[in-house]
Structure formats: structure tokens, C-alpha cells
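Asker: Handing you this structure, nothing more for now.
2 protein chains.
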Amino acid sequence: MAKLLVVGSVAFDAVKTPFGQRERALGGSATYFSVSASYFTDVAVIAVVGEDFDASSQAIFQKHGIDTDGLERRPGKTFFWSGEYGENLNEARTLETELNVFQDFAPKLPEHYRNTEFLFLANIDPELQRDVMGQVKSPGLVACDTMNYWIEGKPEALRRTLESVDIVVINDAEAKQLAGRSNIVAAARDIMAIGPGTIVVKRGEYGVVMFSGKDCFGLPALPVENVVDPTGAGDTFAGGFMGYLASCGTAGQEALRKAVVYGSVMASFNIEAFSQERLSSLTRQDIDSRFREFADMARF
Amino acid sequence: MAKLLVVGSVAFDAVKTPFGQRERALGGSATYFSVSASYFTDVAVIAVVGEDFDASSQAIFQKHGIDTDGLERRPGKTFFWSGEYGENLNEARTLETELNVFQDFAPKLPEHYRNTEFLFLANIDPELQRDVMGQVKSPGLVACDTMNYWIEGKPEALRRTLESVDIVVINDAEAKQLAGRSNIVAAARDIMAIGPGTIVVKRGEYGVVMFSGKDCFGLPALPVENVVDPTGAGDTFAGGFMGYLASCGTAGQEALRKAVVYGSVMASFNIEAFSQERLSSLTRQDIDSRFREFADMARF
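Here the protein sequences come in this chain order: A and B. Per our numbering, the very first residue in the first sequence carries number 1; after that it's consecutive. Per our numbering, the very first residue in the second sequence carries number 1001; after that it's consecutive.
Here it is, written out as C-alpha cells:
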């Protein structure tokens, strides 16, 4: 049985950056998350794909030993996203979003997933996030992501999800929007008052700040010059973060801090190439060596 | 003889933030810098003030033992700035700038300043910065700040200044603008190719990243909830940074990293109140305790 379960999207992405483009690269939050987490623990994916999802698309999951029993196939096409990044690689301009089979996604957990200990609810409809939580018998630890679309569109459903999760992993701007606060300390406190004991705030090129109970941990991002494609960096971070926690079997303060570093390590690799081209070819040595680079950068 | 010399502005500021306002607070880059640096070393100020600069304005310099032999008095009024911060305290909207006596500022160093070891050129006309450098016989270490106004208005003069300094202390956006690069690693490398061996990039609520030779150091800002007035935070940072270096008498990698932390410590205090109301009433114990908070936040 996998220790870590992720529910999210599997997609095909058309991405253009100043450094090149890909017409049909495997993407989606559950893909980035699970490939990243697979370096640390056994991971299983709950998602939906269409008839255009063929054996070669499946290959990356197999290569990383990712359990795809929960990858549902339905008539129609797989979720498709296309976007473009300008010289400033911090934000994508979405050109097209075709939800396709993802539109009616109704996650159903195979029976043998119902005892999973660690659960990550990637950025999907908060009602579905809550539904999945209900299908896991007694998860040890649940984390979720969300975005402006749900903060604006389904604030009440999102609130109910937040009431039940242990950790929120969220962008800086979206944390502030969710709390209606311009100060991140105030925003974090307000969000934690809803339920989660820990909030991990992703700040892109500026790194990560985590609030957990009374503890506060800050980690700068590793300055990377050759940013080729930032798509999936947030989900890759979450995969390293949750994968490491699942490998520890605990989420104490020390483990949480190291998990933030491992998440940042994985994200720093992912942005170096298109899709999972770099992320999917790492060795444990690569990861350990990059971890030491972070340690060296942050010490004083 | 003071170990550290700063050339910059002394001003009166009218500041309004969501938390209150001050009609006529002592401000200016040289003021924030020298008060901050005074906790670490002997510091002297080169600046110009007008007839409205009275004994009470002078008091803060005296309280901190700051050498004001180089504070020139001229007929006319002192530099005046007024600005307003909105809910997002990251950027001020300038309402009024009256240069007054600062317009014809021509820094002249008293004879006994000419052997100063550590020199900080705050954000003034790069031609004046270069002129001051020429008046110091053989400075051990020179650092400078600058801003978009000079990057756009006097690029050639600024380049000549940069050719001769050891350290640049600069905002993230201005470093990118100066180098014409959107990636901070590329921007830092290009700026260092002009001359300075070290570049310290200030990122406001996201902290600081420093490039020094092949070394890279990142420090998150301490998350502060009660930001009352961010005016002078950058100069306060520079004062703590240079003050600590001057107190060490060296600028090796270890000292540079600790200097970034002390700079951040001082800035974190300064934003907690208007003007220097918090900055000017610190104890060594306050500073050491805040240093430990940074160490605790950054460790993993």
C-alpha cells in the first residue's frame, strides 16, 4: 500500500517560454507531485485521463513506481492547458484551458487506498477535496493546495475543506487573498484559525515561509540562472515536501523544516527544463547534493 | 577617528501610513544609516542641513555618539520629503520632494576624515559618490547604494562609481533594472563584472540575497506583523551591515553573512515604529535577542 496519496489533475500542456516550447508535454498537478514524491516514498495517484492518454504517457508513472490504480480512464480527451511565459518567468499567461474529462471528475478511491496515511489534495474543487478526505478512513496527515479561482468562486466550500486539513500549501498572493490581509503574518494566523496547524507559503524566486503553531521557518529559494520552464514548480515542491514527511512517518517541527528544504530542492530541479524532463531523471545523489547547496546558502 | 563614514541625506519627512502619521520626523539616508551603525562602531556623517535644523534635531546624533563634524549647515531649508503608504506597506507614494539645501550639496570631508577605513556612499548623485571616494586617502572598504533615478538619469557616472566600489547594496528591482536582466543571478554577475566583488540585494519582506565572489547567501526577512512605517528600512539595513563589518575590521565571507543578518535585525526593528522612534532606543540585548530569532527562523 502506498504511504502517500495525491488527488489532482493529469494533463497535457503546451508551454512556450523564451527558451523554447513543448506542444504536448505531460503535466498536471498530480503528475508533478507524484514524480517528485516518488524519490522519497511510495505514492499513488487519483486522477482522470481521456482516451488520448496512451502507453507512452503512462511510462513516466511506471518508471517512478507510481501506483496508478486510481487513474481513471474515461471517454473523451485529457485535460489540456496551454500557456506562455515572457522574459519574467514568474507568471504564465494562459492561452487555452480545455477541461475535457476533468470537468466531471468524481474521484473514487479504490478500496485498498482507504487506509492511506498521508494525503495531498492538489488544487481542485474544494468540494472534491472534501469528498476525497471523506473516503480515506483515518488519514494521519492531510495537506491541501488551492488557488484564486476557488477562493473567489467557492469560499464556503473551501472553508469547510480548510477546517479539516492539517497543512495548507499555498502561494503568497493567494494566502493574502484568502485571508483578506496584506500582511503575511496576519494572513497565516487567520488561515490557521480556520483549522490547519501549519501553513506553507510559496514565494517563487523568493523562497518559502512556513508557520506551524508558534514556530516560523524561512528558506530562501536557491538562485537559479537557467530557469527554463517554471510550470509545475509549486506541485513539485508539494511532492518533495509531502514525500519527505511520508518517508519520516511524522510531521514534527524538525521534519517539517527539512520537508520544506526537500520541496525546494525538487522545485529547483524542475524549473531547469521543460515538463518533467529534469525532474524525472534525478538520482538520490543529485538530491542530496542540492540539499547541501541549500544548507550552505542559508548558514551563518 | 570614526571607523565608518557615511555620505548621504539628512531630511525632514512627513509620513502617513495606515497606522498614523508624523508631520516632521527626522529622516534621510545618512540619519537612518548612522543611527543603525552606531550600535556597532564609531560613525561619522557627511551631509548638509538648513537653518531649520535645530538643537533638537541634532539630539539624536549626540545621543548615539555620531560624529557630526561633517554635517554642513547652509542658508535655506533642510531637504524635505513627504510620502504616504497604503494598506500594502511595501511601496511609498511620494507626495512632495523639496531638495532645498541638498540641491547644491558638495560634500567636503574634514581633514580628520580622510583616513577613514570604511565608507558608505548612500543613494546620492553618483558623481558626488565618486568625488567623496576621491577625498578618502585609501579606504579599506567602500560600499554604495543607488536607485532608479540615477540608473536612468546618470548611467555613465554610475558605472564609474561602480568600477571603484567593493560592495553594492541595492533593491531587487533596481539591480535587475541596472543590469537590464530579469534574472537576479544574471543581474548580479553583470554588475559584479563592472567592479564590485559583492552585491547585496534587498528584497523587502522577502529578505536579502548576497552574491560575493562565488559565494551565495540567502536570508529571509523575519515575518513582522506590526509594520508601522517602512521608511528608511534599506538605509537602516545598510547601517547595521556596514557597522558590523567595521566592528570586525574585515569583510571575509563569514563576516559578510553575519553583517547581512545584523542589517536585517536593525531593519526589522526600524519598521516597527515611525522615524527612528524604535531604532534609536535599542539595547545590545534587544539586538542579540533578535539575532537569535533570525538564527532560529533559518535553521534546519
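Even glycine gets a Cβ: it sits at the ideal position worked out from N, Cα and C.
May I ask you to list, following chain order, the residues of the region 1074 to 1094 of chain B that have a beta carbon less than 8 angstroms from some beta carbon of chain A?
Answerer: Within the region 1074 to 1094 of chain B, the qualifying residues are E1087, N1088, L1089.
Asker: Name the residue from A14/A, D104/A, S38/A, T41/A whose alpha carbon lies nearest to the alpha carbon of L95/A.
Answerer: Closest option to L95/A, Cα to Cα, is A14/A.
Asker: Compare the beta carbon distance of S1247/B and F1040/B with 7 angstroms and say whether it is the shorter of the two.
Answerer: Yes, Cβ-Cβ distance for S1247/B and F1040/B is below 7 angstroms.
Asker: I'd like the ranges of any beta strand (DSSP E) spanning at least 3 consecutive residues and lying wholly in the region 183 to 221 of chain A.
Answerer: Qualifying beta strand (DSSP E) stretches, in chain order: 198 to 202, 208 to 212, 215 to 219.
Asker: Identify whether S1009/B lies in helix, strand or coil by the three-state DSSP scheme.
Answerer: Residue state, collapsed to three classes: coil.
Asker: G27/A lies in the beta strand (DSSP E); which residues open and close that run?
Answerer: That run of the beta strand (DSSP E) goes 20 to 27.
Asker: Looking at the C-beta of P1126/B, does it have a partner C-beta in chain A at a distance below 7 angstroms?
Answerer: No, no contact with chain A.
Asker: Excluding the five sequence neighbours on either side, which residues of its own chain have a C-beta within less than 8 angstroms of the C-beta of S264/A, listed in chain order?
Answerer: Closer than 8 angstroms at the Cβ level, and outside the excluded window around S264/A, lie G207, V208, L219, A221, L222, F237, G240, F294.
Asker: Mind checking the region 242 to 260 of chain A against chain B and listing, in chain order, the residues whose C-beta falls within less than 7 angstroms of any C-beta there?
Answerer: Per Cβ criterion, the list reads R257, K258.
Asker: For N148/A, return the contacting residues in chain B, with the cut-off set at a CB-CB distance below 8 angstroms.
Answerer: The contacting residues do not exist; N148/A stays about 17 angstroms from chain B at best.
Asker: Examine chain A for any beta-carbon lying closer than 7 angstroms to the beta-carbon of M1210/B, and answer yes or no.
Answerer: Not one chain A Cβ lies under 7 angstroms of M1210/B.
Asker: Would the region 110 to 121 of chain A and the region 80 to 87 of chain A be scored as touching if the rule is three or more Cβ pairs under 8 angstroms?
Answerer: Because the criterion of three Cβ pairs below 8 angstroms is not met, the region 110 to 121 of chain A and the region 80 to 87 of chain A do not touch.
Asker: Mind the definition here: the region 266 to 274 of chain A touches the region 1185 to 1201 of chain B only if three or more C-beta pairs lie below 8 angstroms; say whether that holds.
Answerer: The region 266 to 274 of chain A is not in contact with the region 1185 to 1201 of chain B.
Asker: What are the boundary residues of the beta strand (DSSP E) that F1120/B is part of?
Answerer: Looking at the DSSP string, the run of the beta strand (DSSP E) that includes F1120/B is 1118 to 1121.
Asker: Taking the straight line between their C-alpha atoms, what separation do you get for A1267/B and I1287/B?
Answerer: Roughly 11 angstroms separates the two Cα atoms.
Asker: Grouping DSSP H, G and I as helix and E and B as strand, with all else coil, what is I271/A?
Answerer: Residue state, collapsed to three classes: coil.
Asker: Pick from N1090/B, A1092/B, D1125/B: whose alpha carbon is nearest that of F1102/B?
Answerer: The candidate whose alpha carbon is nearest that of F1102/B is D1125/B.
Asker: Note down the Cα distance separating D235/A from R114/A, rounded to an integer number of angstroms.
Answerer: Taking the straight line from one Cα to the other gives about 23 angstroms.
Asker: Which residues of the region 259 to 287 of chain A have a Cβ closer than 8 angstroms to any Cβ of chain B? Give them in chain order.
Answerer: Listed in sequence order: V260, V261.
Asker: Identify the contact partners of I1184/B in chain A, using a Cβ-Cβ distance below 8 angstroms as the criterion.
Answerer: Within chain A, the residues near I1184/B are E205, P223.
Asker: Do the CB positions of V1261/B and F300/A come within less than 7 angstroms of each other?
Answerer: For V1261/B and F300/A, yes; Cβs fall inside 7 angstroms.
Asker: On the DSSP letters alone, give me the boundaries of the alpha helix (DSSP H) that T1236/B sits inside.
Answerer: Its alpha helix (DSSP H) spans residues 1233 to 1248.
Asker: Determine, using beta carbons only, whether M1210/B and E1174/B come nearer to each other than 7 angstroms.
Answerer: No; because the gap between Cβ atoms is not below 7 angstroms, this pair is not in contact.
Asker: Taking only three categories from DSSP, how would you classify E1156/B?
Answerer: In this structure, E1156/B counts as helix in the three-state DSSP scheme.
Asker: Which residue or residues does DSSP assign as beta-bridge partners of L1071/B?
Answerer: Looking at the DSSP assignment, L1071/B forms a beta bridge with A1047/B.
Asker: DSSP on Y1262/B, reduced to helix/strand/coil?
Answerer: Looking at Y1262/B - three-state DSSP - the assignment turns out to be helix.
Asker: Who are the near neighbours of V35/A in its chain, counting only those whose CB is closer than 6 angstroms to its CB and skipping five residues on each side?
Answerer: Answer for V35/A: H64, Q276, L279, S280, listed in chain order.
Asker: Our contact map puts T1161/B next to R1130/B with C-beta atoms below 8 angstroms; I'd like the distance itself, whole angstroms only.
Answerer: Going by Cβ atoms, the distance from T1161/B to R1130/B rounds to 5 angstroms, so yes, they are a contact pair.
Asker: Using a Cβ-Cβ distance under 7 angstroms, would M297/A count as near chain B?
Answerer: Yes, its Cβ sits closer than 7 angstroms to a Cβ of chain B.
Asker: Based on DSSP bridge pairs, tell me the residues matched to L141/A.
Answerer: Note: L141/A sits in a beta bridge opposite F118/A.
Asker: Rounded to whole angstroms, what's the CA-CA distance from D1145/B to E205/A? Just pull it up for me.
Answerer: So the two alpha carbons sit approximately 23 angstroms from each other.
Asker: What first and last residue would you give for the beta strand (DSSP E) that runs through A2/A?
Answerer: First-last for A2/A: undefined, no H or E at that position.
Asker: What residues in the region 1141 to 1175 of chain B have a beta carbon less than 7 angstroms from any beta carbon of chain A?
Answerer: Per Cβ criterion, the list is empty.
Asker: Does any residue of chain C bring its CB to less than 7 angstroms from the CB of T1097/B?
Answerer: No chain C is part of this structure, whose protein chains are labelled A and B.
Asker: Report all residues from its chain with a CB closer than 7 angstroms to the CB of D190/A; omit the five preceding and five following residues, and keep chain order.
Answerer: Within the same chain, D190/A has close Cβ partners A179, R181.
Asker: Report the residue from A30/A, A157/A, P75/A, Q177/A whose alpha carbon sits nearest the alpha carbon of D67/A.
Answerer: Per the Cα distances, A30/A.
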